[in-house]
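In our numbering, the protein residues as written are 1033 to 1231. Note that beta-carbon positions come from the ideal geometry of N, C-alpha and C, so glycine has one too. Presented below is the structure to which this report refers.
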């Protein structure tokens, strides 16, 4: 009877360890999907919209801007215990009203695509809980889909800009499949949350 119980316990422990893989181990791959709010792209757009009014002597304003929030895809690879390297892709869309001389003239539509490399340091990994911080650097490609506004003396051109992500604190809970939440500043937003899967 004791032999059977020991065998069952051993199988149970093996099963638990399989689904509770240590995220800090060298060679671990992780895929992440998350959604964030208040990105650097959003902050830059808000400041730019505010500056348009004095730059045009009050003739032009950008109003009712709405952000889709940031949709993030990420990949991490643990190169040494506790340290990950990876890639991020982030997408955010904006739509707003362009007002000239108190008259609505167009909808401004913008798509922001950010590609970045990143690194995370896992400073705590216990049972199914992991805490980490990280940084990322990359470029944002901006595509404007507004109608031609040259007749109004306006131009919203496609452009690029340097971007970054500083993750002050990140949290993950789970085994191979887990939930994540991060707080920081950058292309993924001040706050973002999602799911991740480890291989």
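Where residue i falls: helix, strand or coil (DSSP)
i	result
residue 1081	helix
residue 1049	Annotation note: pLDDT 46 at residue 1049 (below 50); position unreliable, coordinate value reported separately. It is helical.
residue 1222	coil
residue 1190	coil
residue 1159	coil
Residue from the options with nearest C-alpha to residue i
i	options	result
residue 1144	1076, 1064 and 1110	1076
residue 1137	1164, 1117 and 1095	1095
residue 1150	1221, 1170 and 1064	1170
residue 1211	1191, 1069 and 1160	1160
Contacting residues, own chain, Cβ-Cβ under 6 Å from residue i (five flanking each side not counted)
i	result
residue 1199	1165, 1166, 1214 and 1216
Range of the contiguous beta strand (DSSP E) that encloses residue i
i	result
residue 1020	The chain is shown only over 1033 to 1231; residue 1020 falls outside these bounds and no answer can be derived.
residue 1103	1102-1112
residue 1122	1115-1132
residue 1099	1092-1099
Pair within 9 Å by beta-carbon distance, residue i and residue j
i	j	result
residue 1110	residue 1062	yes
residue 1058	residue 1113	yes
residue 1219	residue 1128	no
residue 1195	residue 1069	no
Neighbourhood of residue i by C-beta, 8 Å cutoff - its chain only, sequence neighbours within 5 removed
i	result
residue 1053	In this prediction, residue 1053 scores a pLDDT of 45, lower than 50, which makes its location untrustworthy; no coordinate-derived value is stated.
residue 1055	Residue confidence is low: residue 1055 scores 46 on pLDDT, short of 50, so the model does not pin down where it sits. Its coordinate-derived value is still stated next. If we look at residue 1055 and ignore the five residues flanking it on each side, its Cβ neighbours are 1062, 1110, 1154, 1157, 1162, 1204 and 1230.
residue 1098	1126, 1127 and 1128
Contact with chain B by residue i, beta-carbon distance below 9 Å
i	result
residue 1098	Going by chain labels, chain B is absent from the structure shown, which holds only one protein chain.
Spatial neighbours of residue i in its chain, beta-carbon cut-off 7 Å, leaving aside the 5 residues before and after
i	result
residue 1133	1091
residue 1100	1124 and 1125
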